[in-house]
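In the numbering used here, the protein residues as written are 3 to 308.
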């Protein structure tokens, strides 16, 4: 009996070093497991496919830096209003101080807040781009997000650029209360002036786009695009079901459901997004986006006269 135990003990000793050797051979981050289908993909291949699973087409969340690399031509990105930083107007505290929470997310993400804005070229066409980053407090819309997007839109209006905003947000930021809710009207007003200048606005709804973002600028586009299988809505599914006391239909609040019911205009895979945006901009603003502000003013006056 003892010899049998000795045999198992010796076998275990020979297996452990081999297991450790195999673990050492696989470097951290070399492979990525899909959260949707559980398939394993080589991380570099996944990144080359813009973080879309090659097996099931699941669109993984993308940070703002990566999104800019995907959409903007190399060496053309010019950031705007980088140094606007949030404050704590309500001296808000939940489990920790809001100011401390902001500092933690700033250190973790390298961002000042949940949106990055700037201008650049997409297939040679100038655009003003805002990218919401879900890593920063769930992409929640605070006063800095509203201010940066508003300034981006006003800059685009002055320069005659189309506006593209990548939306990925849980909604308004509760730590800023009414200051957060005011951003809905503020951004919407800037978009109205942009529209009056006969300029193009395209929101791209990524997973998830919820709350006050959906209730304002995410749904005010001339053409509304969504990524496949993105969750888009105002309140969460469970909240709606508990309020209505009814079971919601399958796929409710997905981009496919919204397309079927006319709330969005198109579902575009991420790998086709840059090409699609360039085509839409060139079709709707083939020459207007390249005009000087004086030429744009003259064009608007002539159009109104006609």
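Where a beta carbon is used, it is the ideal one built from N, C-alpha and C, also for glycine.
- Query: What residue ranges within the region 108-196 form continuous beta strand (DSSP E) runs of no fewer than 3 residues, ordered along the chain?
  - Reply: 117-124, 127-134 and 165-171
- Task: From the DSSP output, read off the bridge partner residues of residue 95.
- Result: As a working mapping, residue 95 is identified with position 93 in the chain shown. Bridge partners of residue 95: 99.
- Message: Report the CB separation of residue 220 from residue 168 in whole angstroms; it is logged as a contact under 8 Å.
- Response: Residue mapping note: residue 220 aligns to position 218 of the chain shown, counting from 1. Residue mapping note: residue 168 aligns to position 166 of the chain shown, counting from 1. About 10 Å; that fails the 8 Å criterion.
- Task: Determine the contact status of residue 215 and residue 171, defining contact as a CB-CB distance below 7 Å.
- Result: Numbered from its first residue, the chain shown carries residue 215 at position 213. Numbered from its first residue, the chain shown carries residue 171 at position 169. Contact: yes.
- Can you list, in chain order, the residues of its chain whose CB lies under 6 Å from that of residue 153, leaving out five sequence neighbours each side? Here residue 153 refers to the residue found at position 151 when the chain shown is read from its first residue. Taken in chain order, the residues that qualify are 83.
- residue 206 - DSSP class collapsed to helix/strand/coil: To locate residue 206, count along the chain shown from 1; it is residue 204. Here residue 206 sits in strand by DSSP.
- Quick one, which of 122, 98 and 194 has its alpha-carbon nearest residue 81's? Counting from one through the chain shown, the residue named residue 81 turns up at place 79. Nearest option by C-alpha distance: 122.
- Message: So, with DSSP's three-state summary, where would you put residue 27?
- Response: Counted from its first residue, the chain shown places residue 27 at position 25. With a pLDDT of 48 at residue 27, under the threshold of 50, the modelled position of this residue cannot be trusted; read the value that follows with caution. Three-state DSSP puts residue 27 in a helix.
- Message: Determine whether the beta carbon atoms of residue 113 and residue 94 lie at a separation below 7 Å.
- Response: Here residue 113 refers to the residue found at position 111 of the chain shown. Here residue 94 refers to the residue found at position 92 of the chain shown. No, the Cβ-Cβ distance between residue 113 and residue 94 is not below 7 Å.
- Message: Using the three-state DSSP reduction, which class does residue 64 fall into: helix, strand or coil?
- Response: In the chain shown, the residue the question calls residue 64 occupies position 62. DSSP places residue 64 in coil when its eight states are reduced to three.
- Message: Just to confirm, is the Cβ distance from residue 203 to residue 147 under 7 Å?
- Response: In the chain shown, residue 203 corresponds to position 201, counting from 1. In the chain shown, residue 147 corresponds to position 145, counting from 1. Not in contact: residue 203 and residue 147 (Cβ atoms no closer than 7 Å).
- Grouping DSSP H, G and I as helix and E and B as strand, with all else coil, what is residue 234? The count along the chain shown starts at 1 and reaches residue 234 at position 232. Residue 234 falls in the strand class under three-state DSSP.
- Query: residue 269 by DSSP, collapsed to three states: which one?
  - Reply: Taking the chain shown and counting its residues from 1, one reaches residue 269 at position 267. Residue 269 falls in the strand class under three-state DSSP.
- Just reading off the alpha helix (DSSP H) that residue 54 is part of, what are its end residues? Start at 1 with the first residue of the chain shown, and residue 54 comes out as number 52. Per DSSP, residue 54 belongs to no alpha helix (DSSP H) and is neither H nor E.
- Task: Measure the Cβ-Cβ separation of residue 132 and residue 151 and say whether it is below 7 Å.
- Result: On the chain shown, position 130 is the one that residue 132 refers to. On the chain shown, position 149 is the one that residue 151 refers to. Taking 7 Å as the Cβ cut-off, residue 132 and residue 151 qualify as a contacting pair.
- Query: If we count the other Cβ atoms within 10 Å of its Cβ and call it buried at 16 or more, is residue 274 buried or exposed?
  - Reply: Along the chain shown, one-based indexing puts residue 274 at 272. By the neighbour-count rule (16 or more Cβ atoms within 10 Å), residue 274 is not buried but exposed.
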